[in-house]
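Same order as they appear, the protein sequences are chains A and B.
Taking numbering that gives the first Met the number 0, the leading residue of the first sequence gets 0, the next gets one more, and so forth.
Taking numbering that gives the first Met the number 0, the leading residue of the second sequence gets 0, the next gets one more, and so forth.
The beta-carbon is built from N, C-alpha and C at its ideal position, and this holds for glycine as well.
Taking it in order: structure first as structure tokens, then the write-up.
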Amino acid sequence: MRNNKYKLVWGLVFGIIFGFLLHKGGATKYDVIISQLLLTDFTVLKIMLSAVVVGMIGVFLMQHLGWITLRPKAGSVGRNIIGGLIFGVGFALLGFCPGTIAGAIGNGALDALAAGLIGIIVGSGLFAALYPRLKEGILAKGNYGNITLPQVLKVNNWVVILPLSAVIIGLFVLLESAGL
Amino acid sequence: MNWLTDALWSPYVVGAGIGLLSWVTWLVSNESLGTSTTYVRLAGMVEKVFRGTKAEQKLYYQETKPKLDWQMMLVIGIVIGALISSLISGDFSWQWTHPIWEGSFGTNIVVRLVVAFAGGIFLGLGSRWADGCTSGHGISGTMQLAVSGWVSAVFFFVGGILTAQLMFNVIP
Numbered sequence: 000m001r002n003n004k005y006k007l008v009w010g011l012v013f014g015i016i017f018g019f020l021l022h023k024g025g026a027t028k029y030d031v032i033i034s035q036l037l038l039t040d041f042t043v044l045k046i047m048l049s050a051v052v053v054g055m056i057g058v059f060l061m062q063h064l065g066w067i068t069l070r071p072k073a074g075s076v077g078r079n080i081i082g083g084l085i086f087g088v089g090f091a092l093l094g095f096c097p098g099t100i101a102g103a104i105g106n107g108a109l110d111a112l113a114a115g116l117i118g119i120i121v122g123s124g125l126f127a128a129l130y131p132r133l134k135e136g137i138l139a140k141g142n143y144g145n146i147t148l149p150q151v152l153k154v155n156n157w158v159v160i161l162p163l164s165a166v167i168i169g170l171f172v173l174l175e176s177a178g179l
Numbered sequence: 000m001n002w003l004t005d006a007l008w009s010p011y012v013v014g015a016g017i018g019l020l021s022w023v024t025w026l027v028s029n030e031s032l033g034t035s036t037t038y039v040r041l042a043g044m045v046e047k048v049f050r051g052t053k054a055e056q057k058l059y060y061q062e063t064k065p066k067l068d069w070q071m072m073l074v075i076g077i078v079i080g081a082l083i084s085s086l087i088s089g090d091f092s093w094q095w096t097h098p099i100w101e102g103s104f105g106t107n108i109v110v111r112l113v114v115a116f117a118g119g120i121f122l123g124l125g126s127r128w129a130d131g132c133t134s135g136h137g138i139s140g141t142m143q144l145a146v147s148g149w150v151s152a153v154f155f156f157v158g159g160i161l162t163a164q165l166m167f168n169v170i171p
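So this is what it looks like as structure tokens:
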């Protein structure tokens, strides 16, 4: 129980840091996110991919040292492609995602608070209502489990991590030289 | 300490900071950054108020309990962190609409609220359907090299880019 309380406090602390960073990156603003989807400003992609590079190297190193055990999520074509597309429609209509909407509320976005947030809760409840009918059907279509890219390619994790990091950094160089 | 009160940092610095934060959340809490499960827990809490234990019997709420957890605290923290950063950098302001929105759809608040609400429904439905969002799949899933994370992240943006193009460049 005591440990559980500590865990909740840590969650709050990490959230404050996450929200602070999202605001500093401009990712709590509608205009920045919608400009990414309109492909006129690549701030959101730069934030996400630099988090992926730094995070990936660290978490795989920690797993290698036996400090943590990663838990990649299971997925399927029916889940990730159909769900991803539905998500994308909402992403563009709202102009925020489930994480950045919390930051947008902290930044003063009243449309996020009064409409977007309630919509997300309603949509989540709608899924919970539909879930028994979807679970064995569309969600199970094309199931690939909790497989990772190195497992698909049958190579060591670092054989993916290092080239992928190089590709992402190369993309940053391209974006900067194109003035995006 | 001027950097603390700057309204905007380099996206690379922010991204690297989020990457470092993810090391610490794994190490300290054995959790990865993610936000969208919180909203289905909130939905379950609301249903519990109206329908009591009947809501708890729903299959999804048996698998994902409607209760306060680490991630919900994280989401509450995001609101506070963004509030602190925007206040100390003089960037906080109440807004009902946003410049780029107004450029295409005008300043009518009701129109914006209706579209934002509809967008929220798609986001809530889609994030549960895909089992994650731009944080859980897009950052935490991709950094674990999960196929589910990469496929979801790509289709979040495919759906988002196509819809945004329709909204701003085709329909008006």
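In the three-state DSSP reduction, Q56 (chain B) falls in the coil class, being neither helix nor strand.
Sixteen is the threshold: when 16 or more other Cβ atoms of the shown chains lie within 10 Å of the Cβ of G10 (chain A), as they do, the residue is buried. Counting C-beta pairs closer than 8 angstroms gives fewer than three between the region 47-57 of chain A and the region 75-83 of chain B, which falls short of the contact rule. Proximity of R78 (chain A) to chain B, defined by a Cβ-Cβ separation below 8 angstroms, is satisfied. Contact check between the region 109-120 of chain A and the region 89-99 of chain B: three or more CB pairs, one atom from each, fall below 8 angstroms, which counts as touching. Within the same chain, and ignoring the five residues on either side of I87 (chain B) in sequence, the residues whose Cβ sits closer than 7 angstroms to its Cβ are L3, T4. For the region 81-103 of chain A, residues whose beta-carbon sits nearer than 9 angstroms to a beta-carbon of chain B comprise I81, G82, G83, L84, I85, F86, G87, V88, G89, F90, A91, L92, L93, G94, F95, C96, P97, G98, T99, I100, A101, G102, A103. Against chain A, a Cβ distance below 7 angstroms from I75 (chain B) picks out L11, G14.
Residue nearest to M71 (chain B) within the set A:P131, A:A101, A:I137 is A:A101 (criterion: CA-CA distance). Taking C-beta atoms as the reference points, I32 (chain A) and A26 (chain A) count as a pair closer than 8 angstroms. In the three-state DSSP reduction, Q143 (chain B) falls in the coil class, being neither helix nor strand.
Under the DSSP assignment, N1 (chain B) falls in the alpha helix (DSSP H) whose first and last residues are 1-4.
Boundaries for N142 (chain A): no alpha helix (DSSP H) harbours it, while the beta strand (DSSP E) harbouring it runs 142-144, taken from the DSSP string.
Interface annotation, Q94 (chain B): in contact with chain A, CB-CB separation under 8 angstroms. The C-beta distance from T141 (chain B) to A129 (chain B) rounds to 13 angstroms, too long to fall under 8 angstroms, and the pair is not in contact. Rounded to the nearest angstrom, the gap between the Cα atoms of L7 (chain A) and D68 (chain B) is 7 angstroms. A Cβ-Cβ contact shorter than 8 angstroms links A50 (chain A) with I138 (chain B). From the listed residues A:A91, A:F95, A:G14, the smallest Cα separation to E30 (chain B) is found for A:G14. In this chain, the alpha helix (DSSP H) harbouring A101 (chain A) covers 99-106.
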